[in-house]
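full-length UniProt numbering puts the last residue of the sequence shown at 181; the count rises by one with no breaks.
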Amino acid sequence: ILVRWAPPPSADVQMGWMSLEYQVQYRVRNTSQWEKLDTQHSGTQQSIYGLLTDEEYEVRVRCKMSSFKNFGEFSSSIIVHVAQIPSKESTFPKMLVLIFGVIGVVILLVLLIFSQQQRLMVIFLPPIPAPKIKGIDPELLKNGKLDQLNSLLSSQDMYKPDFYHEDPWVEFIQLDLDDPA
C-alpha cells in the first residue's frame with residue numbers, strides 16, 4: 001500500500017527553513033508488535049510491501065527535525081483493509097492450458113480421421129453391390145444392350161417371360177379413360 005501524509009502545520013517545510021524526517025509504523029490490527037519503516041528522504045509518502053491479503057492493518061506516522069535525535073508523538077492510527085485481488089496471472093496458465101488442450105484434441109481428431117479414411121468411407125458410404133445373376137454379363141446391363149440381354153434370358157427356362165395371351169385362363173380388364181362412368 002502507499003501511505004501519504006501532510007507535514008505538521010507548525011513546520012515551515014515549504015520555505016525550506018526546516019527539514020523533517022518521518023517514521024512509519026504498521027501492524028496487524030489488534031496485535032501488540034509494531035513494524036517500523038524509516039524513510040530515507042524527507043518526502044511525505046511511503047510504500048509498505050509484503051502485507052497479507054484479507055487483513056486489516058493500523059498505520060501511524062511521526063516526525064522529527066533532521067538535527068534532532070528524538071521523534072515527536074505519533075499521529076492517530078488509520079485502519080487499512082488489504083483486500084484480496086484476483087490476479088490475472090493465476091487465470092493465464094489455466095486459459096493457456098485450455099487453449100492448447102483444445103487445439104491438441106482437434107489435431108488428434110483430424111489425424112485419426114485422415115488415417116482411417118478408407119474405413120470411415122466403408123462405414124458411412126458402403127459399396128454398392130454389383131448385380132450377380134448367373135450367366136449374365138454385367139457389362140450388358142451397363143451398355144444398355146437389351147436385345148442381347150433378352151436373348152440370354154429367353155435361352156434359360158427359369159428366366160422366360162410369361163406370355164399371357166396364350167393362356168386361356170387369363171383375363172384382362174380394359175379401362176377407357178375417356179369414359180366418365
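Just so you know, even glycine gets a beta-carbon here, dropped at the ideal spot from N, CA and C.
Which parts of the stretch 23–108 are runs of the beta strand (DSSP E), unbroken and 3 residues or longer, counting only runs that do not cross its ends? 35–38, 45–47, 55–65 and 78–82
Proximity winner among R4, Q14, Q23 and D176, relative to G72 (alpha-carbon distances): Q23
Is L20 helix, strand or coil by DSSP? strand
Exposed or buried, which one is K160 when buried takes at least 16 other CB atoms within 10 Å? Any reading at K160 must be qualified, since the residue scores a pLDDT of 49, below 50, and its modelled position is unreliable; no value is offered.
Tell whether a beta-carbon distance below 9 Å holds between V3 and V59. yes
Whose C-alpha, out of E56, G50, L37 and M65, is nearest the C-alpha of W17? M65
The stretch 98–113 touching the stretch 79–86, judged by at least three CB pairs closer than 8 Å: no
For R29 versus E35, is the C-beta spacing smaller than 9 Å? no
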